[in-house]
Each structure stands twice: as structure tokens, then as C-alpha cells.
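K.L.:
First, the structure itself, so that you have it in front of you.
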Ligand SMILES: CC(C)(COP(=O)(O)OP(=O)(O)OC[C@H]1O[C@@H](n2cnc3c(N)ncnc32)[C@H](O)[C@@H]1OP(=O)(O)O)[C@@H](O)C(=O)NCCC(=O)NCCS
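Numbering (the numbering used here), first residue to last: 149 to 364.
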């Protein structure tokens, strides 16, 4: 039973999470793959990466799609051939997809102490509201901020965005499971609604792009 969870965010947005417990062979035998992705799969160096990739196809099938409904653009961003938006993430033994009629991005990250050491690479203004002394919630908040920036990056799919300088996550409480983030990039300002929750020591973060974009 490795479909771990389905989050029905609203009528048009679903998040599906897979816990990867199956072998490569089992997963491979249960999914459809287009030719490009067969080649890509065989070139992956780690078996965990391969199982993550295959588990995403299991999630697609759970959502009523398959690999033939999916294509990647030149930057590696996945798209569905119908009007829906999709975003994909994998981390260790979990993978997740979000499918929505809105513009969305998703990320899952293992909550790890190591994130403290790299915080100044992706955090700037957020340090004003972060409390380093509360180490457990500090790690969780850093993981949400990282996930939010990854999710927004996946939506924008543009080279040159700096997590530290161009994306700002507004103050938030872990319990609220929602915050706002702004992207300021190349003279434009864009707002995102960011949702987050925890499971099994991971943070799940997904972001929705607000419709209007402002020129600065
Ligand atoms: C592309 C990127 C977003 C992937 O994120 P990740 O945490 O390494 O890996 P995840 O498992 O969460 O996501 C991987 C999935 O993202 C998707 N993806 C890859 N490139 C993408 C892009 N340009 N746009 C949107 N989605 C993309 C793919 O679906 C991929 O999985 P798949 O190829 O198996 O289908 C990330 O590697 C990246 O380039 N980040 C931005 C660079 C950066 O500035 N980083 C450091 C700042 S300090």
C-alpha cells in the first residue's frame, strides 16, 4: 500500500504522495514509460533515483494519467498535455506530485540539522523573524523556506533566480500551514500562496502563483 497520502486541496488541485518501498523490478512492471523516459531511466546512476522516477509514474496513474500524458520542456520542467499543471518532487523514500488547474510547484525535503549550515546561502530577509535558539522549529522553518523557494523556482522555470536575493518568504507559524512569498525578478513582482505540512520527518511545501504580476 505505498500510496502514502492524497491531499485534496480543492476541487481542482490534488497532491499525491508515494512511499517507495517496492523494488525497481516491481515498479517497472507496473508502469507505462515512453521511449525518451526509458532511455533516461536506464541512464540514472542510483537505483533510488530510478525507483523515485518510477514511483512518480505510479502516482500519475493514481491520478488518472500516465507517462504518455507527460512531456518535459528544455529546462526539465514537466507538463501535462491537457490543460492541467503538474509539478514533481522526490526525496529519499518519498515522492510527490501536484496536479492543478492553477500554476503550481511542489517540493518535499527531509528535515535535517545540516540545513542550519547552509541557511545563509538561501535565506536573507527571513533571518529577521527566525529564532536560531529554538533549534527544532528553526530547522523546520528553514526547511519550509527552502521548500517554498524550490516550489516557486519550479513554477517560474527561469535561469538566474537567486533563492537568497529574489524570493522572500513572509513570516509564518508552523501551525498555520500557510504563508505568502514574493518573487522580485527582472523588474517584476509576483506573489505566491505557500502551503506546507509535515509527514514522517519531511516537509511538504507547495505554492500557487497569484494571477496578477506587478511591474516594479
Ligand atoms: C530543478 C530543481 C528545482 C529540482 O529540485 P530538487 O530539489 O533537486 O529535486 P526534486 O526531486 O524536488 O525535483 C525534481 C523534479 O523537478 C522537476 N524539474 C526539473 N527541472 C525543472 C525546472 N526547470 N522547472 C520546473 N520543474 C523542474 C522535474 O520534474 C524533476 O523530477 P523528474 O525529472 O524526475 O520528473 C533544482 O535542482 C534546481 O535547479 N533548483 C534551483 C537552483 C538553485 O538556485 N539552487 C540553489 C540555491 S541556494
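Using N, Cα and C, we set each Cβ at its ideal position, and we do this for glycine too.
All values reported here derive from a predicted model rather than from experimental measurement.
Closest to residue 252 by CA distance: which of 349, 207, 204 and 305 is it?
P.N.:
For this step, residue 252 is matched to residue 104 along the chain shown. It is 305 whose Cα lies nearest to the Cα of residue 252.
K.L.:
With a threshold of 7 Å on Cβ separation, who are the neighbours of residue 294 within its own chain once the five nearest residues in sequence on each side are excluded?
P.N.:
Within the chain shown, residue 294 is the residue found at index 146, counting from 1. The answer, listed in chain order, is 257, 263 and 270.
K.L.:
Between the Cα of residue 243 and those of 204, 209 and 226, spot the shortest distance and give me the residue it belongs to.
P.N.:
Indexing the chain shown from 1 puts residue 243 at position 95. Nearest of 204, 209 and 226 to residue 243, Cα basis: 204.
K.L.:
Which residues bound the beta strand (DSSP E) around residue 330?
P.N.:
Within the chain shown, residue 330 is the residue found at index 182, counting from 1. Looking at the DSSP string, the run of the beta strand (DSSP E) that includes residue 330 is 326 to 333.
K.L.:
Provide the residue span of the beta strand (DSSP E) that contains residue 237, from first to last.
P.N.:
As a working note, residue 237 is residue 89 in the chain shown. Looking at the DSSP string, the run of the beta strand (DSSP E) that includes residue 237 is 233 to 239.
K.L.:
The beta strand (DSSP E) with residue 340 in it runs from where to where?
P.N.:
Walking along the chain shown from the start, residue 340 turns up at place 192. From DSSP, the beta strand (DSSP E) with residue 340 extends over 336 to 347.
K.L.:
May I ask you to verify whether the region 313 to 320 touches the region 328 to 346, counting CB pairs closer than 8 Å and requiring at least 3?
P.N.:
At 8 Å Cβ cutoff, the stretches touch.
K.L.:
Write down every uninterrupted run of the alpha helix (DSSP H) in the region 187 to 226 whose length is 4 residues or greater and which is fully enclosed by it, in chain order.
P.N.:
Listed in chain order, they are 195 to 210.
K.L.:
Got a sec? Which residues, its chain only, sit under 6 Å from residue 207 by beta carbon, not counting five neighbours each side?
P.N.:
Taking the first residue of the chain shown as position 1, residue 207 is located at position 59. Same-chain partners within the cutoff: 164, 166 and 245.
K.L.:
Determine the burial state of residue 200: buried for a count of at least 16 other Cβ atoms within 10 Å of its Cβ, exposed for fewer.
P.N.:
Locating residue 200 in the chain shown gives position 52, where the first residue counts as 1. With 16 or more other Cβ atoms within 10 Å, it is buried.
K.L.:
What is the rounded straight-line gap between the Cα of residue 179 and the Cα of residue 154?
P.N.:
As a first step, residue 179 is located in the chain shown; it is residue number 31 there, counting from the start. As a first step, residue 154 is located in the chain shown; it is residue number 6 there, counting from the start. Spanning the two alpha carbons is a distance of roughly 19 Å.
K.L.:
By alpha-carbon positions, which one of 211, 202 and 291 ends up nearest to residue 186?
P.N.:
The count along the chain shown starts at 1 and reaches residue 186 at position 38. Of the listed residues, the one whose Cα sits closest to residue 186 is 202.
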